[in-house]
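*Asks:* Residue numbers (my numbering): 105 to 208. For reference, the structure I am asking about is given below.
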Amino acid sequence: MFFFIGGIQPKTVELEEIPRLCPACGLAQARLRRVDYYLSLFFIPLFPVKRGEPVLICDRCGAVSSPDAPFDARPSVLSKKECPQCGQPLDPTFKYCPHCGSRI
Ligand SMILES: [Zn+2]
Ligand SMILES: [Zn+2]
Numbered sequence: 105m106f107f108f109i110g111g112i113q114p115k116t117v118e119l120e121e122i123p124r125l126c127p128a129c130g131l132a133q134a135r136l137r138r139v140d141y142y143l144s145l146f147f148i149p150l151f152p153v154k155r156g157e158p159v160l161i162c163d164r165c166g167a168v169s170s171p172d173a174p175f176d177a178r179p180s181v182l183s184k185k186e187c188p189q190c191g192q193p194l195d196p197t198f199k200y201c202p203h204c205g206s207r208i
């Protein structure tokens, strides 16, 4: 699968410039990132098909951890929504539930 010309490609997005403390190694080298999945053709991402969850990835030790650490001062950016109809987790930017189609 290394030479496919079209398909789904992951794309890592940096959400924050300022590194945070890594819970694994204790150094301020962890950055908040999100892995989005793009439909791509000839290695060019065309459009996103799936938005990933934000995770902290440490540049030093490579540890991946949840951004819901106690020192997180901006929970509103990362807040998750749930569909009131079916209870599935939703992207906060969604206006309609992709699972059951009900308006949020
Ligand atoms: Zn680390
Ligand atoms: Zn729903």
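A virtual CB, placed ideally from N, CA and C, is assigned to each residue, including glycine.
What residue range is occupied by the uninterrupted beta strand (DSSP E) comprising residue 118?
*Replies:* Segment 110 to 118, the beta strand (DSSP E) holding residue 118.
*Asks:* For residue 150, count the other beta carbons within 10 Å of its own beta carbon; 16 or more makes it buried, fewer makes it exposed. Which is it?
*Replies:* Label assigned to residue 150: exposed.
*Asks:* Can you name the residues that DSSP bridges to residue 170?
*Replies:* Residue 170 is not bridged to any residue.
*Asks:* So what's residue 185 in DSSP terms, helix, strand or just coil?
*Replies:* Looking at residue 185 - three-state DSSP - the assignment turns out to be strand.
*Asks:* Mind checking who residue 163 pairs with in its DSSP beta bridge?
*Replies:* DSSP, once it has assigned bridges, lists no residue as partnering residue 163.
*Asks:* Which partner residues does residue 144 have in the DSSP bridge list?
*Replies:* According to DSSP, which records beta bridges pairwise, residue 144 is partnered with 111 and 149.
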